[in-house]
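First residue of the sequence shown: 3, per the working numbering; consecutive thereafter. One structure is given here, and the rest of the page talks about it.
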Amino acid sequence: MEVVIRDSREAAALFVAKTIADMVRRKPHIVLGLATGRTMEPVYAHLVRFHREDGLDFSLARTFNLDEYVNIPPEHPQSYRAFMDRTLFDLINIDRRNTRVLNGLAVDANAECAAFEQEIADCGGIDLQVLGIGRSGHIGFNEPTSSFASRTRIKTLTPETLRQNAPLFGGERNVPRHVLTMGVGTILESGRCLMLVTGAEKAEVTAAAIEGPLTSMVTASALQLHRRATFVLDREAATKLKQRDYYEWVYANKPHWERPA
Ligand code: F6R
3 MEVVIRDSRE AAALFVAKTI ADMVRRKPHI VLGLATGRTM EPVYAHLVRF
53 HREDGLDFSL ARTFNLDEYV NIPPEHPQSY RAFMDRTLFD LINIDRRNTR
103 VLNGLAVDAN AECAAFEQEI ADCGGIDLQV LGIGRSGHIG FNEPTSSFAS
153 RTRIKTLTPE TLRQNAPLFG GERNVPRHVL TMGVGTILES GRCLMLVTGA
203 EKAEVTAAAI EGPLTSMVTA SALQLHRRAT FVLDREAATK LKQRDYYEWV
253 YANKPHWERP A
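Structure (structure tokens):
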């Protein structure tokens, strides 16, 4: 696992955006796994800028989003479909038919999740999965005790996650309690994982994910099992890491051709 530490929130987001852009340029038919949330907003803003200023081309790309709220229509401003349209898809040249977000209104949630898994497989799998971490240690909406072998399915959110997302819904009471989410096992099958974490409030759980034991109580720790996972942190998110100096030393001594940004 690689740990990259940048001086600021902005620099960390730029690093992630440049890494995604680099992969899109190398493989125009790329299959991207995308995350939503506040951490991702500056990343998508950079991708939009690269598209407008440098012609970054998404016309052949396909995307699969990690998760969606149950019982929220796609046009609801806090649905993850609306988030993606607003922050990225409507602002770049991606073919909307190639953007897949789970349908939170599906009558048969199990069938919807199975179809989603099949579509990923039909595309040959996800090349690059972008991730954020929740305060509960989740990736996607894989809350504590989610099996490392789990596939896309319906989950109940923890009270902690409801509190994390409450500001966006005007209070905890309004946050949907159920979600559809890609499984940990599904995420682990992607070719590369790129996790962005910013802010002091995530420092503790990030250290647990990177340096703690493998445990389904912190599902992000499953990334220790991935053959190509990179954590990109700002300084604030890195404060609880015991081996911080070592990670910086490794990065400083990395061959220049392996440094994307
Ligand atoms: C969202 C997702 C979640 C978020 C995480 C962090 O699609 O999968 O795991 O990445 O909850 O959210 P923010 O960035 O809002 O702190």
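Every residue gets a Cβ at the ideal spot worked out from N, C-alpha and C, and that includes glycine. Treat the numbers as computed from the prediction; the structure is a model and nothing was measured.
Taking 8 Å as the cut-off, is the CB of Tyr82 close to at least one heavy atom of ligand 1?
yes
Helix, strand or coil at Thr101 according to DSSP, with G and I counted as helix
strand
Are the Cβ atoms of Phe66 and Ile96 separated by less than 9 Å?
no
Judging by CA-CA distance, which residue of Glu145, Lys204, His228, Phe150 is the nearest neighbour of Leu159?
Glu145
Check whether the Cβ of Gly136 lies closer than 8 Å to any heavy atom of ligand 1, and answer yes or no.
yes
Along the beta strand (DSSP E) that carries His180, what are the first and last residues, could you check?
Element bounds for His180: 180 to 183.
Inter-residue CB distance, Thr89 and Glu119 (contact presumed, cutoff 8 Å)
Wrong, their Cβ atoms sit about 25 Å apart, outside the cutoff.
Which residues bound the beta strand (DSSP E) around Asn167?
Counting along the chain, Asn167 falls outside any beta strand (DSSP E), though it belongs to the alpha helix (DSSP H) covering 161 to 171.
With a threshold of 16 other CB atoms inside 10 Å of the CB of Asp236, please say whether the residue is buried or exposed.
Classification for Asp236: buried.
Taking Glu121 and Arg102 to be in contact with their CB atoms under 8 Å, please state how far apart those CB atoms are, rounded to whole angstroms.
6 Å
Name the two residues that bound the continuous beta strand (DSSP E) containing Gln131.
Here the beta strand (DSSP E) through Gln131 covers 130 to 133.
Could you tell me which uninterrupted beta strand (DSSP E) segments, each at least 3 residues in length, are contained entirely in the segment 183 to 250, listed from first to last along the chain?
194 to 199, 231 to 236
Let's test the definition: count the other Cβ atoms within 10 Å of the Cβ of Gly172 and tell me whether it reaches 16, buried, or not, exposed.
exposed
Per DSSP, cross-strand counterpart(s) of Thr158:
His180
Taking its Cβ as the centre, do 16 or more other Cβ atoms sit within 10 Å of Val26, making it buried, or is it exposed?
Under this definition Val26 is a buried residue.
Looking at Thr21 and ligand 1, is the gap between the Cβ and the nearest heavy atom below 8 Å?
No - ligand 1 has no heavy atom lying nearer than 8 Å to the Cβ of Thr21.
Is any non-hydrogen atom of ligand 2 found closer than 8 Å to the C-beta of Asn67, if you look at the structure I gave you?
Ligand 2 is not part of this structure, which contains only ligand 1.
Inspect the beta-carbon positions of Val33 and Ala63 and report whether they are closer than 9 Å.
yes
Is Met42 near ligand 1, going by C-beta to nearest heavy atom under 8 Å?
Yes - ligand 1 has a heavy atom lying nearer than 8 Å to the Cβ of Met42.
If you measure between the beta carbons of Ala205 and Glu174, is that distance less than 9 Å?
no
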